[in-house]
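Enquirer: Adding 1074 to a residue's 1-based position in the sequence shown gives its number in my numbering. Where a beta carbon is used, it is the ideal one built from N, C-alpha and C, also for glycine. Predicted model, so just to flag it, every value in this text is computed and none were measured.
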Amino acid sequence: MSKSPESTAVNGIRAAIGIGGLLAAIVGILVLVWPGRTAMVVTAIIAIYAIAAGLTYAGLGIFSKSKGGWARVGHIALGILFIIAGVVALMSLGQTMLWLAVFLGVMVGIMWVVEGVVALTTLGDASSKGWSALFAVLSIIAGILLLFSPLWGAEVLWWLLGISLVVLGVMNMIRSFQFGKNAA
């Protein structure tokens, strides 16, 4: 007795949701149990990605027959910059990790301030002016706090990421058992 294509597709989706949930939960647990080491691994992955991207850009510049001279030079220069950044990051993972954490904290702080200002500018169109104003004020305050202490903010965001990954991962594993039950 052969399975229908729909049944095979549902089983594939169910497996993907379950495996994705399991991986998310595992990464979340790693973030919560070993936050520093996990951040270091993430930093190393980013550094390795930079080196791989650099090699790709440099290769495009060197071996491309269809690009003009300046495009080839630009690709080679960009490739060299990526490679240097990746090697420097790998040679000083701890410093790079801290720099990335501060950068992330500053970027999220800026985004929250801008998001709050945008929410204030759209108050006239909001159906719930009270909630929109509260959101705007809290977003601006949270953004300013994050800008004044970006490393602390990045640490809090890291913990929230870990907690979210665990919770959402478990939820997806549960969902995977229920996915497609009504379609059968």
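Using 8 angstroms as the Cβ pair cut-off and three pairs as the minimum, do the region 1195-1214 and the region 1243-1258 touch?
Expert: Contact fails: fewer than three Cβ-Cβ distances are below 8 angstroms.
Enquirer: Does the region 1152-1171 come into contact with the region 1122-1136, if we say contact requires no fewer than three beta-carbon pairs (one atom in each stretch) closer than 8 angstroms?
Expert: Because the criterion of three Cβ pairs below 8 angstroms is met, the region 1152-1171 and the region 1122-1136 touch.
Enquirer: DSSP three-state label for N1246, please.
Expert: Helix, per DSSP.
Enquirer: Starting from the Cα of T1130, find the closest Cα among V1241, G1183 and R1146 and give me that residue.
Expert: When only C-alpha atoms are compared, the closest one is R1146.
Enquirer: Have a look at T1195, V1244 and T1170 and flag the residue whose alpha-carbon is nearest the alpha-carbon of V1116.
Expert: Checking every option, the nearest Cα to that of V1116 belongs to T1170.
Enquirer: Is it right to say I1091 is buried, meaning 16 or more other beta carbons lie within 10 angstroms of its own, or is it exposed?
Expert: The residue in question, I1091, is buried, as its Cβ has 16 or more Cβ neighbours within 10 Å.
Enquirer: In the structure shown, what three-state DSSP assignment does T1027 receive?
Expert: Since the first and last residues shown for the chain are 1075 and 1258, residue 1027 lies out of range.
Enquirer: Can you confirm whether the region 1076-1086 touches the region 1208-1226 when touching is taken to mean that 3 or more C-beta pairs between the two stretches lie within less than 8 angstroms?
Expert: Flag = no, the region 1208-1226 and the region 1076-1086 do not touch.
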